[in-house]
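Count the sequence shown with our numbering and you get residues 179 to 316, in order. Even glycine gets a Cβ: it sits at the ideal position worked out from N, Cα and C. Have a look at the structure below before the remarks.
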Amino acid sequence: MKCGQKYLCDSRYGTGNLKRHIESCVKPDTCDLGQLLLSKSDGAILTRSYKFDPMKFHELLVMAIIMHDLSFQFVEYAGIRQLFNYVCADIKLVSRNTAKADVLSLYNREKAKLKEILGSVERADGGEERESYKNLTF
């Protein structure tokens, strides 16, 4: 094993201790075979060791648009569509209007979180500082 742990391999010892170790090992060496997929592209069979998560891709795409200040048309560029299709044929890109709606939705969620945080800070304050500001004269 990668972590250096040694186990006895005789059949009388069973596999329970090995299974428990693999689940808690800090240096796992294997991946779940249930995630291994085969895809056929241009007559050749390709193996992929992951399942494509369209929701995660969608979230990362929206974050990239925000982080890099990209236009919403970015998702409709032919070159970008070809690139993503080459990387993973399962990708379904959204329209610029959907990208805009998703960015606004994310903005509204983050705005609500910030209001909640600031509201709890204001309630914890008790208003004592606000009273001291009212008494200032210039």
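Backbone secondary structure at residue i - three-state DSSP
i: G194; result: helix
Check whether residue i and residue j have beta carbons under 8 angstroms apart
i: V299; j: A277; result: no
i: L284; j: V240; result: yes
i: R274; j: F250; result: yes
i: L271; j: R259; result: yes
i: F230; j: D268; result: yes
Practice prompt. Tell me the start and end of each unbroken alpha helix (DSSP H) in the stretch 228-305 that is at least 4 residues and wholly inside, in chain order.
Written response: 232-245, 256-265, 274-303
Does the structure place the stretch 263-272 close enough to the stretch 244-251 that three or more beta carbon pairs sit under 8 angstroms? no
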